[in-house]
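Trainee:
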Amino acid sequence: MKLAINFVRSNFPQLQDDPQFVFCASAAGSYLAQPVIDSLEHYNRHLRVQPYSPYPSSRAAGLAMDRAREGWSRALNIGADELTIGPSSSINSYVMAQALGADWGPGDEIVVTQQDHESNHGVWRRKAEAQGAVVKEWPIDPSTGLLDPGELYPLLGERTRWVFFTHCSNIIGTVNPVAEIVAGIRQRSGAKVCVDAVAYAPHHIPDVKALDVDMYLFSLYKVFGPHQGLMYLRAELQESIQAQSHFFIQGDSHKRFNPAGPQHAQVAACQGVLDYFAALHRHHGGSESESATAMLQSVHALTAAHEARLAAPMVDYLDHAPQVRLLGKTHVRDGDRSTTIAFQPLGKSAADVAKALQARDIGVEHGHFYAHRLMTGLGIDPADGVVRISLVHYNSVAEVDRILAALDQALI
Ligand SMILES: Cc1ncc(COP(=O)(O)O)c(C=O)c1O
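Quick look at the structure:
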């Protein structure tokens, strides 16, 4: 069965605003699905009170927030107490750097990568250095930007406390085999593992328990939802890590690592993303009685096949275009190449190519996208960076044709 792209697109009102415009910058923040817009509107119109008091609007507000938290816990196959919903992944990792780093000291080691967005690198590095711990870096292949697990394992030892890496780079677009890497880490050290899934989750919401990670972060504003960061922290670790909330609410697992406090309407609207996926599931004949994880896996089977149809011609075109250096894998046949596709123009600046595409109604961006260290490792000037075309399941094959035609002109 093929993804019903017209049904998908009808769920994203912003796609109807300007039919000429091809939005291909979703990796920076996606359009909102209709159920998310409905939820935000409903909450702000009817439930805008302090939640969890016994009067009707307050009770309903609390229930809406609980529904979202429970829905996402089920979707990720984690315990309700293992989920923190904070303002963004950058602030979640910043808070966790204070929490985890509090007991790092001389003799301790952490590993970060050269591929990550700065939010899963700089905060850990800065905290470790301040505590006198050693920071080791898992380097990229300087020609492709890919990470080889064989380069990670020699960095591990009995002093390694945490390893931080990404599920999928927001530039390279190749999915790292998380479960396999985690198993490799566990064989070699007692280190805990944190994975940044911000660039992965828009394409696939995983069963987090199956990945065996200790911490896992992603941002719902890139997954068709409100501006919130979701964070899993393994239950067994919660008590041993220094809480970051006020002393009198530290027993509340939802607030322990969220000193900002919950953003009520936004938290409630997180459920809208799951409601959208459920509607997509039903539209394709899916059963209402399936578990959330099973529902998401069926939906992703459809969206992944559709995304592969979008990525294949784009990757092929850029791989064969003499005027560009395509980053990451040059084919999609391994099934691990997402629709985040970046290239370095060879004869022109990335800024000029992006401008030429934008003039043709192609909504791309250029720059380092906060993966500054990756740019440097690839020998690319971060000030100009790369052109990034990021597509998600609501993009169509016709739009890819439009992008390729525009590239023909923009690269001349
Ligand atoms: C791969 C990756 N990690 C982390 C982040 C930071 O997420 P947030 O904007 O929620 O702080 C981003 C944002 O672009 C990202 O692309």
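Under the numbering used here, read the sequence shown as residues 5 to 416, first letter to last.
Built from N, CA and C at the ideal position, the CB exists for glycine as well.
Note that the structure is a prediction, hence the values are computed from the model and not measured.
Does the structure place the segment 164-179 close enough to the segment 39-46 that three or more beta carbon pairs sit under 8 Å?
Mentor: no
Trainee: Would you mind stating whether His370 and Thr307 have Cβ atoms separated by less than 8 Å?
Mentor: no
Trainee: Just tell me which of Ala137, Pro266, Ala37, Phe169 has its CA closest to the CA of Ala65.
Mentor: Pro266
Trainee: Which of helix, strand or coil does DSSP assign to Tyr98?
Mentor: helix
Trainee: Val271 and Met69: beta carbons closer than 8 Å?
Mentor: yes
Trainee: Give the DSSP bridge partners of Gly371, in chain order.
Mentor: Val390
Trainee: Please state whether DSSP places Cys172 in a helix, a strand or coil.
Mentor: Residue state for Cys172 is assigned as strand, using DSSP reduced to three classes.
Trainee: If we ignore side chains and look at the alpha-carbon of each, how far apart do Trp76 and Gly126 end up?
Mentor: 28 Å
Trainee: When the distance is taken between beta carbons, is Val217 closer than 8 Å to Val182?
Mentor: Yes. Within cutoff.
Trainee: When you compare only the Cα positions, how much space is there between Gly90 and Leu224?
Mentor: 10 Å
Trainee: Using beta-carbon positions only, say whether Val167 and Leu80 come within less than 8 Å of one another.
Mentor: no
Trainee: Could you tell me whether the Cβ atoms of Gly149 and Gln102 are closer together than 8 Å?
Mentor: For the 8 Å CB-CB criterion, Gly149 and Gln102 do not form a contact.
Trainee: Give me, in chain order, the residues of the same chain whose beta-carbon lies closer than 7 Å to that of Gly418; leave out the 5 immediate sequence neighbours on both sides.
Mentor: Lying outside 5 to 416, the shown extent of the chain, residue 418 is not represented and no answer is given.
Trainee: Just confirm the distance between the C-beta atoms of Thr234 and Phe222, as a whole number of angstroms; I'd bet it's less than 8 Å.
Mentor: Per the sequence shown, the amino acid found at residue 234 is Leu instead of Thr. Yes, they are in contact, since the Cβ atoms of Leu234 and Phe222 sit about 6 Å apart, within 8 Å.
Trainee: Name the residue from Ala316, Lys259, His208, Arg163 whose alpha carbon lies nearest to the alpha carbon of Lys196.
Mentor: It is Arg163 whose Cα lies nearest to the Cα of Lys196.
Trainee: Are the CB atoms of Phe16 and Ala37 nearer to each other than 8 Å?
Mentor: yes
Trainee: Measuring straight from C-alpha to C-alpha, what distance separates Lys6 and His304?
Mentor: 12 Å
Trainee: Does the beta-carbon of Thr178, which I'm using as the reference point, lie nearer than 7 Å to any heavy atom of ligand 1?
Mentor: no
Trainee: Considering only DSSP beta bridges, list what Ile9 is partnered with.
Mentor: For Ile9, which the question treats as bridged, DSSP gives no partner whatsoever.
Trainee: On the DSSP bridge assignment, give the partners of Ile114 in chain order.
Mentor: Val139, Trp166
Trainee: Under 7 Å: does the beta carbon of Val138 sit that close to some heavy atom of ligand 1?
Mentor: Flag unset: Cβ of Val138 not near ligand 1.
Trainee: Could you check if Asp405 is buried or exposed, using at least 16 other CB atoms within 10 Å of its CB as the buried criterion?
Mentor: Around the beta-carbon of Asp405, fewer than 16 other beta-carbon atoms lie within 10 Å, marking it exposed.
Trainee: Cys198 bridges to which residues according to DSSP?
Mentor: Phe168, Met219
Trainee: Report yes if the C-beta of Asn81 is less than 7 Å from at least one heavy atom of ligand 1; otherwise report no.
Mentor: no
Trainee: Give me the residue from Lys359, Arg364, Arg63 with the minimum Cα distance to Pro23.
Mentor: Arg364
Trainee: Any chance the CB of Gly233 is under 7 Å from a heavy atom of ligand 1?
Mentor: yes
Trainee: Grab me the residues of Ser257's own chain with a C-beta within less than 6 Å of its C-beta, minus the 5 sequence neighbours each way, in chain order.
Mentor: Asp85
Trainee: Following a CB-centred definition, is Val197 positioned closer than 7 Å to any heavy atom of ligand 1?
Mentor: Not so, every heavy atom of ligand 1 lies at least 7 Å from the Cβ.
Trainee: Less than 8 Å separating the beta-carbons of Ile384 and Val391?
Mentor: When the beta-carbon positions are compared, Ile384 and Val391 stay at least 8 Å from each other.
Trainee: My assumption, with CB atoms under 8 Å, is that Val202 sits in contact with His121. Please give the rounded CB distance.
Mentor: 7 Å
Trainee: Is it right to say His50 is buried, meaning 16 or more other beta carbons lie within 10 angstroms of its own, or is it exposed?
Mentor: exposed
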